[in-house]
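Here the sequence shown stands for residues 397 to 801, numbered as in the numbering used here.
Backbone N, C-alpha and C define an ideal beta-carbon position, used for all residues, glycine too.
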Amino acid sequence: MFQQNFGTLYHYELKKIVRRKLLWIALAVCILAHVAGLMYPLFSTYYADGELTASHLQMYTVDRTYREKLSGRKIDDELLREMATAYRKIPSDVEQYTLTDEYQTYARPYSDIYGIVHNWTGMDRETMMDWNANEASLYALRRINLERDWKELHLTETEKTFWANQESRMERPVTYYYHEAYSAMIDSYLTVGITMLLLIAVILSGVFSEEHIRRTDQLILSSAKGKNLAYWAKIFAGGTVSMAFAAILSLIVAVLSFAIHGTGGFHAAIQLVLHFYSCPLTLGQAYLIMSAVLMITALLWGVFVMVLSEILRSNVATLAVSTGLILSGMIVDSISDRFRIISQLWDSLPMRFLSPWNVFSVRPITLSGHCFTSWQIIPVIYILCSIIIAILGKRAFQQYQVSGR
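And the structure:
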């Protein structure tokens, strides 16, 4: 009987949310924004010295052909020497070397490998021209930069050892795969996260407050199921919609990226995009993790917005507070790593956490002497916080029953 009653109320509350025109309008706007964001770079133009040289679509088509030819090759001595030899053909006395025939003919086919070497080692073009290109040197320079990064982040010796162990598990030499779709998905993640939080705030800010505004709250509270089941039905319905939004946005970005760039890259090492992250993950695994994190964050944010609407009893006030929190996460970009605990707590909040560099943060979380990555611990904390906030919200719901009109 309990399951039947709860199921009936749950489906009723779910229909109330889903049937709102505002939901579909907001979702359509979000989808169009992401379509435009992924498509726009391909239709812009490239100028050099004030003259149109090519469209980005033409440049992308050429670069994609070169990258697909390199896909499946290991970044080893042979490939590094080919890249270095090609780049040494570029005249050293030109400023915009990418406009030279030597670059277009010899070096451009290896531009993605050059970019990876540059990002891993920090070498500029002049330094790289004198570099004895070889695999051992590449990974040694990468390790030096990693350790410098760990020091700047004020990691403890235990944390440094943890990352050193993770780095040792990385495939050597790394295999290059064409991965443009996954790179686009990861680049879009922050935008997806912010639009999702705003969308949830707009849709769920009235779940409880509208009952107070329309004066139907006492009717609900005095009914047989009003004290408990109605509250949990609203919470579960709002949580379902929130997670569905996250899943839809993740799926749309993935489908669009695959349609534009192709499906290659699932098995590419995460280090090809997130250069100083040492976990032995592939880009495909990374995006699945990011999608799961997005859904769990959506659950927490949805519960928070709904409980806030019950406490404030105003959808306008709820939306204002929620939007203010999202904007604060965008304005206060970061806190100095010298204040490690405060900085890490700030970056773990929902309006800050939904970015690739925070989901895959180099700052681990240490519990009982064991190090865990952010994506392993923060989602668990979010689920616990969702439960706690929902329970506290029920107390506010019941207290209004006693002290309300």
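Contact check, residue i vs residue j, beta carbons under 8 Å
i      : j      : result
Ser470 : Pro569 : According to the sequence displayed, residue 470 carries Lys and not Ser. Their beta carbons are under 8 Å apart, which means Lys470 touches Pro569 by this criterion.
Glu706 : Phe793 : yes
Met566 : Ala694 : no
Gly669 : Leu679 : The identity of residue 669 in the sequence shown is Val, whereas the question assumes Gly. Their beta carbons are under 8 Å apart, which means Val669 touches Leu679 by this criterion.
Tyr462 : Pro505 : yes
Arg709 : Ser605 : yes
Trp516 : Arg538 : yes
Ile692 : Ile783 : no
Arg748 : Trp742 : yes
Ile774 : Val703 : no
Which of helix, strand or coil DSSP assigns to residue i
i      : result
Thr571 : strand
Ile761 : strand
His430 : helix
Ser451 : strand
Cys675 : coil
Ala665 : strand
Phe768 : strand
Leu485 : In the sequence under discussion, the amino acid at residue 485 is Lys, which differs from the Leu named in the question. Of the three classes helix, strand and coil, the one that applies to Lys485 here is coil, per DSSP.
6 Å CB neighbourhood of residue i in its chain, flanking five on each side removed
i      : result
Ile685 : Trp771
Ser757 : Ser770
Val637 : Ile413
Tyr502 : Ala482, Lys485
Spatially closest choice to residue i from the options, by CA coordinates
i      : options                        : result
Arg634 : Leu645, Ile599, Thr457, Ala664 : According to the sequence provided, residue 634 is Gly. The question's Arg does not apply to it. Cα-wise, what sits closest to Gly634 is Ile599.
Val701 : Ser687, Met691, Val689, Ala716 : Ala716
Gly468 : Met592, Leu677, Gly660         : Gly660
Ile590 : Ala424, Arg415, Leu419, Leu750 : Leu750
Tyr683 : Ile774, Asp508, Ser584         : Ser584
Val699 : Tyr436, Val603, Asp743         : Val603
Pro752 : His671, Ser732, Arg736         : His671
Leu475 : Ala536, Glu555, Asn528         : Asn528
Ile761 : Leu551, Ser782, Leu428         : Leu551
Tyr535 : Gly518, Phe768, Ala422, Arg415 : Gly518
Cβ shell of residue i (< 7 Å), same chain only, five flanking positions each side left out
i      : result
Gly433 : Ser584, Thr587
Leu405 : Lys621, Leu625, Ala626, Ala629
Pro746 : Leu593, Thr693, Leu696, Trp697
heavy atom of the ligand GTP below 7 Å from residue i C-beta
i      : result
Ser687 : Ligands in the displayed structure: none, and consequently the ligand GTP is not present.
Cutoff 8 Å; reference residue i; Cβ partners in own chain excluding five residues on either side
i      : result
Val490 : Thr496
His575 : Gly660, Gly661, Ala664, Leu668, Val669, Leu679
field: the segment 570 to 579 touching the segment 645 to 662, judged by at least three CB pairs closer than 8 Å
entry: The segment 570 to 579, when compared against the segment 645 to 662, does touch it at the 8 Å Cβ threshold.
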